[in-house]
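Everything in the sequence shown is counted per full-length UniProt numbering, starting at 1 for the first residue and increasing by one. Idealized CB from N, CA, C, for every residue including glycine. Below is one structure, written out as C-alpha coordinates; the observations come after it.
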Amino acid sequence: MENLVVLGSTGSIGRQAIEVLRKNPDYFKVFGLAAKDEIEILSSQIREFNPEIVSVADEKTRNELSKIFPSLKVYVGEKGLIELSTNPKVNSVVFSTSGIVCLRPLIEAIKNKKRLLVANKEIIITAGEIINKYINEYKTEFLPLDSEHSAIFQCLKGENNKEVKNLILTCSGGPFKYSSKKDLEKVTVKEVLSHPVWKMGPKITVDSASLLNKGFEVLEAHYIFRIPLEKIKVVIHPECIIHSMVEFQDGSIKALLSIPDMRLPIQYALFHPKRLSGFLEPLDLVKVKNLSFFEPDTEKFPCLKLAYEAGKIGKTMPAALVFADEIAVSKFLDNKIKFSEIPRIIEKILTSHRPILEPRLEDIFKVQNWVYKQFKD
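This is the structure in C-alpha coordinates:
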(Lines of atoms letter the chains of each structure in order from A; the text may use other names.)
(Lines give C-alpha, C1' and ligand atoms only; values in the text may rest on other atoms or scores of the structure.)
Protein backbone atom coordinates (compact mmCIF):
# COMPACT_ATOMS: atom_id res chain seq x y z
CA MET A 1 0.00 0.00 0.00
CA GLU A 2 1.42 3.38 -1.05
CA ASN A 3 1.53 6.45 1.17
CA LEU A 4 -0.21 9.54 -0.20
CA VAL A 5 -0.76 13.10 0.99
CA VAL A 6 -3.59 15.41 -0.07
CA LEU A 7 -2.80 19.12 -0.07
CA GLY A 8 -6.02 21.11 -0.01
CA SER A 9 -8.05 18.21 1.38
CA THR A 10 -10.99 20.36 2.53
CA GLY A 11 -11.52 22.13 -0.81
CA SER A 12 -13.81 20.99 -3.63
CA ILE A 13 -11.24 18.84 -5.47
CA GLY A 14 -9.63 17.67 -2.24
CA ARG A 15 -12.93 16.42 -0.82
CA GLN A 16 -13.68 14.57 -4.05
CA ALA A 17 -10.22 12.98 -3.98
CA ILE A 18 -10.92 11.90 -0.39
CA GLU A 19 -14.20 10.34 -1.55
CA VAL A 20 -12.43 8.35 -4.27
CA LEU A 21 -9.88 7.14 -1.71
CA ARG A 22 -12.72 6.21 0.64
CA LYS A 23 -14.34 4.09 -2.09
CA ASN A 24 -11.03 2.32 -2.80
CA PRO A 25 -9.44 1.78 0.63
CA ASP A 26 -7.01 -1.01 -0.32
CA TYR A 27 -4.60 1.01 -2.48
CA PHE A 28 -3.41 4.07 -0.53
CA LYS A 29 -2.66 5.00 3.05
CA VAL A 30 -3.56 8.66 3.60
CA PHE A 31 -0.27 9.61 5.23
CA GLY A 32 -0.84 13.35 5.38
CA LEU A 33 -3.50 16.04 4.96
CA ALA A 34 -3.15 19.79 4.46
CA ALA A 35 -5.84 22.44 4.66
CA LYS A 36 -6.15 26.15 5.29
CA ASP A 37 -8.34 26.61 8.36
CA GLU A 38 -11.47 24.48 7.90
CA ILE A 39 -11.20 22.76 11.28
CA GLU A 40 -14.51 20.89 11.16
CA ILE A 41 -13.95 19.16 7.80
CA LEU A 42 -10.27 18.52 8.48
CA SER A 43 -11.03 17.01 11.90
CA SER A 44 -13.54 14.64 10.32
CA GLN A 45 -10.94 13.56 7.74
CA ILE A 46 -8.32 13.03 10.46
CA ARG A 47 -10.68 10.82 12.45
CA GLU A 48 -11.51 8.77 9.36
CA PHE A 49 -8.04 8.32 7.85
CA ASN A 50 -5.74 8.70 10.86
CA PRO A 51 -2.89 10.50 9.01
CA GLU A 52 0.57 10.66 10.55
CA ILE A 53 1.13 14.34 9.69
CA VAL A 54 -1.07 17.36 8.99
CA SER A 55 -0.41 20.94 7.90
CA VAL A 56 -2.57 24.05 8.32
CA ALA A 57 -2.24 27.69 7.32
CA ASP A 58 -1.51 29.42 10.63
CA GLU A 59 -0.63 29.01 14.30
CA LYS A 60 -4.18 29.74 15.46
CA THR A 61 -5.55 26.82 13.45
CA ARG A 62 -2.69 24.57 14.60
CA ASN A 63 -3.44 25.37 18.24
CA GLU A 64 -7.14 24.60 17.77
CA LEU A 65 -6.36 21.33 15.99
CA SER A 66 -3.77 20.29 18.58
CA LYS A 67 -6.39 20.62 21.32
CA ILE A 68 -8.56 18.09 19.47
CA PHE A 69 -5.68 15.78 18.46
CA PRO A 70 -2.90 16.34 21.04
CA SER A 71 -0.66 13.52 19.75
CA LEU A 72 -0.89 14.50 16.06
CA LYS A 73 2.10 16.18 14.37
CA VAL A 74 0.77 19.46 12.93
CA TYR A 75 2.89 21.73 10.71
CA VAL A 76 2.16 25.31 9.66
CA GLY A 77 2.32 27.30 6.42
CA GLU A 78 4.58 26.74 3.43
CA LYS A 79 7.11 24.89 5.57
CA GLY A 80 4.41 22.41 6.53
CA LEU A 81 3.38 21.87 2.92
CA ILE A 82 7.00 21.18 2.00
CA GLU A 83 7.31 18.73 4.91
CA LEU A 84 4.31 16.78 3.62
CA SER A 85 5.40 16.95 -0.03
CA THR A 86 8.92 15.69 0.60
CA ASN A 87 8.45 13.19 3.42
CA PRO A 88 10.57 10.14 2.52
CA LYS A 89 7.69 7.79 3.37
CA VAL A 90 5.36 9.46 0.85
CA ASN A 91 4.98 8.14 -2.72
CA SER A 92 2.26 10.38 -4.21
CA VAL A 93 1.15 13.96 -3.60
CA VAL A 94 -2.25 15.40 -4.58
CA PHE A 95 -2.04 19.15 -5.23
CA SER A 96 -5.61 20.46 -4.94
CA THR A 97 -4.95 23.84 -3.34
CA SER A 98 -5.67 27.16 -5.07
CA GLY A 99 -3.29 30.04 -5.67
CA ILE A 100 0.48 29.58 -5.57
CA VAL A 101 0.84 28.58 -1.93
CA CYS A 102 2.02 25.15 -3.16
CA LEU A 103 4.46 26.39 -5.79
CA ARG A 104 7.61 25.78 -3.74
CA PRO A 105 6.20 22.54 -2.26
CA LEU A 106 5.55 21.29 -5.82
CA ILE A 107 9.12 22.06 -6.89
CA GLU A 108 10.45 20.28 -3.81
CA ALA A 109 8.19 17.29 -4.50
CA ILE A 110 9.61 17.12 -8.03
CA LYS A 111 13.16 17.17 -6.67
CA ASN A 112 12.22 14.31 -4.34
CA LYS A 113 10.74 12.37 -7.28
CA LYS A 114 7.25 12.12 -5.87
CA ARG A 115 4.36 11.09 -8.09
CA LEU A 116 2.47 14.33 -8.76
CA LEU A 117 -1.33 14.48 -9.09
CA VAL A 118 -2.08 18.11 -9.91
CA ALA A 119 -5.35 20.04 -10.05
CA ASN A 120 -3.86 23.46 -9.25
CA LYS A 121 -4.09 25.72 -12.31
CA GLU A 122 -2.27 28.72 -10.87
CA ILE A 123 0.94 26.82 -10.18
CA ILE A 124 1.17 25.46 -13.73
CA ILE A 125 0.30 28.76 -15.41
CA THR A 126 2.55 31.02 -13.35
CA ALA A 127 5.59 28.74 -13.40
CA GLY A 128 5.02 26.26 -16.22
CA GLU A 129 8.44 26.66 -17.83
CA ILE A 130 10.22 26.38 -14.47
CA ILE A 131 8.22 23.29 -13.51
CA ASN A 132 8.90 21.60 -16.85
CA LYS A 133 12.61 22.20 -16.43
CA TYR A 134 12.58 20.41 -13.07
CA ILE A 135 10.36 17.59 -14.38
CA ASN A 136 12.81 17.03 -17.23
CA GLU A 137 15.75 17.03 -14.84
CA TYR A 138 14.28 14.73 -12.18
CA LYS A 139 12.11 12.53 -14.48
CA THR A 140 9.09 12.98 -12.22
CA GLU A 141 5.69 11.47 -13.05
CA PHE A 142 3.04 14.18 -13.53
CA LEU A 143 -0.67 13.37 -13.86
CA PRO A 144 -3.36 16.05 -14.37
CA LEU A 145 -6.57 15.89 -12.33
CA ASP A 146 -8.67 18.36 -14.34
CA SER A 147 -11.26 16.63 -16.51
CA GLU A 148 -10.09 18.36 -19.70
CA HIS A 149 -6.41 17.63 -19.23
CA SER A 150 -7.11 14.10 -18.09
CA ALA A 151 -9.11 13.61 -21.29
CA ILE A 152 -6.24 14.90 -23.43
CA PHE A 153 -3.74 12.79 -21.48
CA GLN A 154 -5.83 9.69 -22.18
CA CYS A 155 -6.38 10.57 -25.85
CA LEU A 156 -2.62 11.04 -26.34
CA LYS A 157 -1.70 7.65 -24.88
CA GLY A 158 -0.02 5.56 -27.55
CA GLU A 159 0.19 8.54 -29.92
CA ASN A 160 3.06 10.61 -31.29
CA ASN A 161 2.85 14.29 -30.30
CA LYS A 162 4.42 15.20 -33.64
CA GLU A 163 1.29 13.87 -35.35
CA VAL A 164 -1.07 16.07 -33.30
CA LYS A 165 -2.74 18.81 -35.33
CA ASN A 166 -4.80 20.38 -32.52
CA LEU A 167 -5.84 19.88 -28.93
CA ILE A 168 -9.53 20.78 -28.58
CA LEU A 169 -10.69 21.80 -25.11
CA THR A 170 -14.42 21.68 -24.54
CA CYS A 171 -16.22 24.29 -22.46
CA SER A 172 -19.73 24.34 -20.99
CA GLY A 173 -20.02 28.02 -21.87
CA GLY A 174 -21.00 28.86 -18.31
CA PRO A 175 -24.31 30.37 -17.21
CA PHE A 176 -24.19 33.22 -19.75
CA LYS A 177 -23.44 31.41 -23.01
CA TYR A 178 -26.78 32.56 -24.46
CA SER A 179 -26.74 36.02 -22.85
CA SER A 180 -25.88 39.20 -24.74
CA LYS A 181 -22.81 41.28 -24.00
CA LYS A 182 -25.13 44.00 -22.71
CA ASP A 183 -26.73 41.54 -20.27
CA LEU A 184 -23.34 40.85 -18.69
CA GLU A 185 -23.18 44.45 -17.45
CA LYS A 186 -25.88 43.75 -14.88
CA VAL A 187 -25.47 40.12 -13.75
CA THR A 188 -25.34 39.51 -10.00
CA VAL A 189 -22.90 37.50 -7.90
CA LYS A 190 -25.65 34.94 -7.29
CA GLU A 191 -26.25 34.51 -11.03
CA VAL A 192 -22.53 34.17 -11.74
CA LEU A 193 -22.16 31.48 -9.07
CA SER A 194 -24.93 29.37 -10.63
CA HIS A 195 -22.86 27.12 -12.91
CA PRO A 196 -25.10 24.91 -15.10
CA VAL A 197 -23.03 21.72 -14.69
CA TRP A 198 -20.11 21.74 -12.24
CA LYS A 199 -20.21 22.32 -8.48
CA MET A 200 -17.04 24.26 -7.65
CA GLY A 201 -15.65 26.88 -5.30
CA PRO A 202 -16.66 30.54 -5.83
CA LYS A 203 -13.38 31.72 -7.44
CA ILE A 204 -13.29 29.04 -10.15
CA THR A 205 -17.04 29.42 -10.73
CA VAL A 206 -16.57 33.12 -11.51
CA ASP A 207 -13.64 32.25 -13.79
CA SER A 208 -15.83 29.70 -15.57
CA ALA A 209 -18.55 32.30 -16.12
CA SER A 210 -16.02 34.72 -17.67
CA LEU A 211 -14.39 31.88 -19.69
CA LEU A 212 -11.05 32.80 -18.13
CA ASN A 213 -11.01 29.37 -16.52
CA LYS A 214 -10.97 27.92 -20.03
CA GLY A 215 -8.20 30.33 -20.92
CA PHE A 216 -6.28 29.07 -17.91
CA GLU A 217 -6.84 25.50 -19.12
CA VAL A 218 -5.46 26.43 -22.55
CA LEU A 219 -2.28 27.67 -20.88
CA GLU A 220 -2.14 24.57 -18.67
CA ALA A 221 -2.43 22.32 -21.72
CA HIS A 222 0.37 24.27 -23.40
CA TYR A 223 2.74 23.59 -20.50
CA ILE A 224 1.60 20.07 -19.57
CA PHE A 225 1.63 18.62 -23.08
CA ARG A 226 4.34 20.87 -24.60
CA ILE A 227 2.00 21.82 -27.47
CA PRO A 228 2.17 25.30 -29.12
CA LEU A 229 -0.68 27.65 -28.19
CA GLU A 230 -1.77 28.00 -31.79
CA LYS A 231 -2.57 24.28 -31.78
CA ILE A 232 -4.89 24.51 -28.76
CA LYS A 233 -8.51 25.33 -29.59
CA VAL A 234 -11.65 25.86 -27.51
CA VAL A 235 -15.21 24.87 -28.43
CA ILE A 236 -18.39 25.45 -26.45
CA HIS A 237 -20.06 22.11 -25.68
CA PRO A 238 -23.07 22.71 -23.40
CA GLU A 239 -23.76 19.03 -22.66
CA CYS A 240 -20.30 18.55 -21.05
CA ILE A 241 -20.16 14.93 -22.21
CA ILE A 242 -17.02 15.21 -24.33
CA HIS A 243 -14.32 16.42 -21.96
CA SER A 244 -11.73 17.24 -24.62
CA MET A 245 -10.42 15.98 -27.94
CA VAL A 246 -7.21 15.49 -29.89
CA GLU A 247 -7.19 16.10 -33.64
CA PHE A 248 -4.45 14.35 -35.62
CA GLN A 249 -2.80 15.30 -38.89
CA ASP A 250 -4.68 12.57 -40.80
CA GLY A 251 -7.99 14.30 -39.97
CA SER A 252 -9.14 11.87 -37.28
CA ILE A 253 -10.22 13.01 -33.82
CA LYS A 254 -10.06 11.10 -30.53
CA ALA A 255 -12.40 12.19 -27.75
CA LEU A 256 -13.08 11.13 -24.19
CA LEU A 257 -16.74 10.90 -23.20
CA SER A 258 -18.18 10.42 -19.72
CA ILE A 259 -20.70 11.87 -17.32
CA PRO A 260 -19.51 15.26 -15.99
CA ASP A 261 -18.11 14.20 -12.63
CA MET A 262 -14.66 15.21 -11.35
CA ARG A 263 -14.31 11.98 -9.41
CA LEU A 264 -13.70 10.11 -12.67
CA PRO A 265 -10.50 11.94 -13.72
CA ILE A 266 -9.38 11.95 -10.08
CA GLN A 267 -9.79 8.18 -9.88
CA TYR A 268 -8.02 7.74 -13.23
CA ALA A 269 -4.99 9.72 -12.05
CA LEU A 270 -4.82 8.13 -8.61
CA PHE A 271 -4.73 4.58 -9.92
CA HIS A 272 -3.02 5.11 -13.29
CA PRO A 273 -2.02 3.01 -15.20
CA LYS A 274 -4.79 0.77 -13.81
CA ARG A 275 -8.46 1.41 -14.52
CA LEU A 276 -10.53 0.40 -11.52
CA SER A 277 -14.19 -0.53 -11.61
CA GLY A 278 -16.25 2.62 -11.42
CA PHE A 279 -18.55 3.55 -8.56
CA LEU A 280 -20.32 6.22 -10.65
CA GLU A 281 -23.11 5.71 -13.14
CA PRO A 282 -21.85 5.00 -16.68
CA LEU A 283 -22.63 7.28 -19.58
CA ASP A 284 -25.80 6.33 -21.50
CA LEU A 285 -25.43 7.74 -25.01
CA VAL A 286 -29.03 6.92 -25.89
CA LYS A 287 -30.23 9.20 -23.10
CA VAL A 288 -27.81 11.93 -24.17
CA LYS A 289 -29.20 11.90 -27.73
CA ASN A 290 -27.50 15.09 -28.96
CA LEU A 291 -24.06 16.67 -28.68
CA SER A 292 -23.68 20.29 -29.79
CA PHE A 293 -20.68 22.53 -30.39
CA PHE A 294 -20.10 26.18 -31.26
CA GLU A 295 -17.29 28.71 -31.19
CA PRO A 296 -16.72 30.89 -28.12
CA ASP A 297 -17.51 34.59 -28.51
CA THR A 298 -14.34 36.42 -27.46
CA GLU A 299 -16.06 39.79 -27.88
CA LYS A 300 -18.57 38.82 -25.22
CA PHE A 301 -15.96 36.93 -23.18
CA PRO A 302 -12.67 38.84 -23.67
CA CYS A 303 -10.94 36.97 -20.82
CA LEU A 304 -10.40 33.97 -23.09
CA LYS A 305 -8.63 36.18 -25.62
CA LEU A 306 -6.54 37.79 -22.86
CA ALA A 307 -5.34 34.35 -21.76
CA TYR A 308 -4.14 33.51 -25.28
CA GLU A 309 -2.40 36.87 -25.56
CA ALA A 310 -0.65 36.42 -22.20
CA GLY A 311 0.43 32.92 -23.20
CA LYS A 312 1.87 34.09 -26.52
CA ILE A 313 3.99 36.70 -24.74
CA GLY A 314 5.00 34.12 -22.13
CA LYS A 315 7.72 34.90 -19.58
CA THR A 316 5.88 36.28 -16.51
CA MET A 317 2.81 37.55 -18.38
CA PRO A 318 0.71 34.44 -17.54
CA ALA A 319 1.62 34.99 -13.88
CA ALA A 320 0.41 38.60 -14.08
CA LEU A 321 -2.82 37.31 -15.64
CA VAL A 322 -3.40 34.90 -12.75
CA PHE A 323 -2.72 37.45 -10.01
CA ALA A 324 -4.76 40.21 -11.67
CA ASP A 325 -7.71 37.85 -11.98
CA GLU A 326 -7.36 36.79 -8.36
CA ILE A 327 -7.81 40.37 -7.17
CA ALA A 328 -10.50 41.26 -9.72
CA VAL A 329 -12.63 38.22 -8.83
CA SER A 330 -12.23 38.95 -5.13
CA LYS A 331 -13.51 42.48 -5.69
CA PHE A 332 -16.46 41.15 -7.69
CA LEU A 333 -17.40 38.61 -5.00
CA ASP A 334 -17.29 41.47 -2.48
CA ASN A 335 -19.69 43.46 -4.71
CA LYS A 336 -17.06 46.17 -5.28
CA ILE A 337 -17.03 45.87 -9.09
CA LYS A 338 -19.34 44.60 -11.82
CA PHE A 339 -18.78 41.25 -13.52
CA SER A 340 -18.07 43.04 -16.81
CA GLU A 341 -15.23 44.99 -15.16
CA ILE A 342 -13.16 41.85 -14.50
CA PRO A 343 -11.61 41.68 -18.01
CA ARG A 344 -11.04 45.45 -18.05
CA ILE A 345 -9.08 45.30 -14.81
CA ILE A 346 -7.05 42.31 -16.00
CA GLU A 347 -6.23 43.98 -19.32
CA LYS A 348 -5.08 47.13 -17.53
CA ILE A 349 -2.63 45.10 -15.41
CA LEU A 350 -1.34 43.13 -18.40
CA THR A 351 -0.77 46.34 -20.35
CA SER A 352 1.28 47.77 -17.46
CA HIS A 353 3.32 44.61 -16.78
CA ARG A 354 6.87 44.35 -18.10
CA PRO A 355 7.48 40.60 -18.36
CA ILE A 356 10.68 39.18 -16.89
CA LEU A 357 12.84 37.27 -19.36
CA GLU A 358 13.71 33.72 -18.25
CA PRO A 359 12.05 34.06 -14.84
CA ARG A 360 13.28 32.19 -11.78
CA LEU A 361 11.05 30.94 -9.00
CA GLU A 362 11.48 34.07 -6.89
CA ASP A 363 10.43 36.21 -9.88
CA ILE A 364 6.94 34.68 -9.77
CA PHE A 365 6.50 35.97 -6.23
CA LYS A 366 7.87 39.37 -7.28
CA VAL A 367 5.20 39.58 -9.98
CA GLN A 368 2.56 38.61 -7.43
CA ASN A 369 3.68 41.44 -5.13
CA TRP A 370 3.82 43.88 -8.05
CA VAL A 371 0.25 43.07 -9.12
CA TYR A 372 -1.06 43.35 -5.56
CA LYS A 373 0.67 46.74 -5.26
CA GLN A 374 -1.11 48.02 -8.39
CA PHE A 375 -4.44 47.48 -6.68
CA LYS A 376 -3.31 49.16 -3.47
CA ASP A 377 -2.06 52.17 -5.42
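With distances taken between CB atoms, is the gap from residue i to residue j smaller than 9 Å?
i, j, result
"V234", "A209", "no"
"K315", "L357", "yes"
"T126", "A255", "no"
"S85", "N120", "no"
"E78", "I53", "no"
"F153", "I224", "yes"
"E129", "P302", "no"
"L21", "L270", "yes"
"L7", "F31", "no"
May I have the straight-line CA-CA distance separating residue i from residue j, to the nearest angstrom?
i, j, result
"F294", "L116", "34 Å"
"I232", "L33", "35 Å"
"K29", "D334", "40 Å"
"V187", "K214", "20 Å"
"I242", "Y268", "16 Å"
"E299", "Y178", "13 Å"
"M245", "S172", "14 Å"
"K366", "D26", "44 Å"
"M200", "N132", "28 Å"
"S340", "E347", "12 Å"
"L184", "R344", "13 Å"
"V197", "C240", "8 Å"
"K60", "E362", "28 Å"
Taking buried to mean at least 16 other C-beta atoms within 10 Å of its own C-beta, is residue i buried or exposed?
i, result
"S180", "exposed"
"T10", "buried"
"V56", "buried"
"T351", "exposed"
"P105", "buried"
"E143", "Correcting the residue type first, residue 143 is Leu in the shown sequence and not Glu. When all chains shown are included, L143 counts as buried."
"V286", "exposed"
"Q45", "buried"
"M262", "buried"
"Q249", "exposed"
"G158", "exposed"
Contact check, residue i vs residue j under 8 Å by CB: the rounded distance?
i, j, result
"T170", "E148", "7 Å"
"D325", "L212", "6 Å"
Leaving out the 5 sequence neighbours to the left and right, which residues in its chain are closer than 7 Å to residue i when beta-carbon positions are compared?
i, result
"E281", "I259"
"residue 410", "The first residue shown for the chain is 1 and the last is 377, placing residue 410 beyond what the model contains."
Who are the near neighbours of residue i in its chain, counting only those whose CB is closer than 6 Å to its CB and skipping five residues on each side?
i, result
"K305", "T298"
"V329", "K203, V206"
Excluding five sequence neighbours on each side, which residues of the same chain lie with their C-beta closer than 8 Å to the C-beta of residue i?
i, result
"D146", "A119, K121, E217, E220, P265"
"I123", "F95, I100, C102, L103, L106, I131"
"K139", "K113"
"S43", "L65, I68, F69"
"H272", "L143"
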